[in-house]
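K.L.:
Residue numbers (the numbering used here): 417 to 807.
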Ligand code: SAH
Ligand code: SF4
């Protein structure tokens, strides 16, 4: 392949077939794993210690094979192998963008596929993970929202995305090696396919595993959950996960937001903003990220920028402006660079950080809102998309 070619399509397929039917230890909470080990014959008194040992093998060392778990007795390892599997989703394809972004298509039970995107930056490496196959919501600018087929991912499938990315990045620690402080995968954003707060328990359990100090060990400050605004679950996110929150805001009037983010009809701006006001205190986090997709002639005027600043007054916030990423059949256009800059300027002058998100991995359709697995062919017609958008 010549050096100029921006995309390298790798045929990496790691076989991860698991014996049918055996429970997968990946994704179990510590309590559930303890009960499962006891049910398989582990003496109750030892169960907590065994969970600790197995947990470290799986999440600290990245080990999948019971035979390698050398601090467990041989018989015990055999018992584990008879009763459980340690399995992560299968990577079907891996694409690398000209800008270094990696997109993985992973296959989960039932033959569904979801996309996972790794974005390297100078000071961090962010993994964008999915929480559902498709999305039940129908935001009119979002490609995922046009996909018909939906199911919630299990906690195992959610944390499994982090594990396959670490496999690919070669980031599991090697015994005896010096501690690596500069992680390739240092941040997680729940900004892939799906609405994470419609799959609350599984997302919570998976993120608890990601944060667990005996395993992957990511600080809750390095995990950001993005929601379209499922108000009743926002307080729970603060209490039960405590991660950073991003909100898909995208409009400054209910009239426009109803069209762009239809969940707004259920929980309109005033109700949403109320829920957001309590978030930083309850979760002890710093700032809420307001995501704002820039759509030409729809939500991008100076008046919008001023209204936005007014609405979020008093909330510790950062506003992330996202140039709209186009997809086939999309009913919108991206605002011009000048318009985005003028909008950003108003926000900046009001005292808010207003970074403009550089689209990453566009050449491999890995940018925000472009994710949609090729296998999920059933999708709405153009006419249906336009109708949903109220156009
Ligand atoms: N369902 C969640 C998380 C996934 S979407 C949510 O809506 O917040 C992640 C972000 O990408 C959201 O802010 C979403 O609004 C934005 N997005 C969706 N489609 C987009 C597109 N075509 N261009 C730019 N951003 C998009
Ligand atoms: Fe679902 Fe988020 Fe896309 Fe809306 S923007 S359709 S909530 S994935």
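C-beta: ideal position from N, C-alpha, C; glycine also.
For clarity, every value in this text was computed on a predicted model and none was experimentally measured.
With a threshold of 7 angstroms (Cβ to nearest heavy atom), would residue 611 be considered close to the ligand SF4?
P.N.:
Because some heavy atom of the ligand SF4 lies under 7 angstroms away, the Cβ of residue 611 counts as near it: yes.
K.L.:
Using CA atoms only, rank isn't needed, just tell me which of 524, 620, 571 and 474 is closest to residue 655.
P.N.:
Taking only the C-alpha atoms, the option nearest residue 655 is 620.
K.L.:
Starting from residue 664, follow its DSSP beta bridges and name the residues at the other end.
P.N.:
In DSSP, residue 664 forms a bridge with 707.
K.L.:
Run the proximity test for residue 554: is its beta-carbon closer than 7 angstroms to any non-hydrogen atom belonging to the ligand SF4?
P.N.:
Answer for residue 554: yes, Cβ within range of the ligand SF4.
K.L.:
Between the Cα of residue 647 and those of 437, 663, 638 and 769, spot the shortest distance and give me the residue it belongs to.
P.N.:
The residue with the shortest Cα to Cα distance from residue 647 is 663.
K.L.:
Cutting at 7 angstroms between CB atoms, please list the residues of its own chain near residue 602, excluding the five before and the five after it.
P.N.:
Within the same chain, residue 602 has close Cβ partners 540, 541 and 638.
K.L.:
Do residue 737 and residue 556 have their C-beta atoms closer together than 8 angstroms?
P.N.:
No, these two residues do not count as a Cβ contact at 8 angstroms.
K.L.:
Indicate the three-state DSSP secondary structure (helix, strand or coil) for residue 522 in the structure shown.
P.N.:
Three-state DSSP puts residue 522 in a strand.
K.L.:
Smallest Cα separation from residue 581: which of 742, 566 and 604?
P.N.:
With distances taken between Cα atoms, residue 581 lies closest to 604.
K.L.:
Note down, one range per segment and in chain order, each beta strand (DSSP E) of at least 3 residues found wholly within the region 695 to 767.
P.N.:
Counting only runs of 3 or more, we get 704 to 710 and 733 to 739.
K.L.:
Is the beta carbon of residue 513 sitting closer than 8 angstroms to the one on residue 745?
P.N.:
No. Outside cutoff.
K.L.:
Using only CA atoms, which one of 505, 527 and 526 lies nearest to residue 520?
P.N.:
Out of 505, 527 and 526, 505 has the C-alpha closest to the C-alpha of residue 520.
K.L.:
Any chance you could list the alpha helix (DSSP H) runs of at least 4 consecutive residues sitting entirely within the region 483 to 514, in chain order?
P.N.:
Counting whole runs of 4 or more residues, the region 483 to 514 contains the alpha helix (DSSP H) stretches 490 to 499.
K.L.:
Quick one: does the C-beta of residue 561 sit closer than 7 angstroms to a heavy atom of the ligand SF4?
P.N.:
The answer is yes for residue 561.
K.L.:
At the level of alpha carbons, what is the spacing between residue 576 and residue 441?
P.N.:
Their Cα atoms are separated by approximately 11 angstroms.
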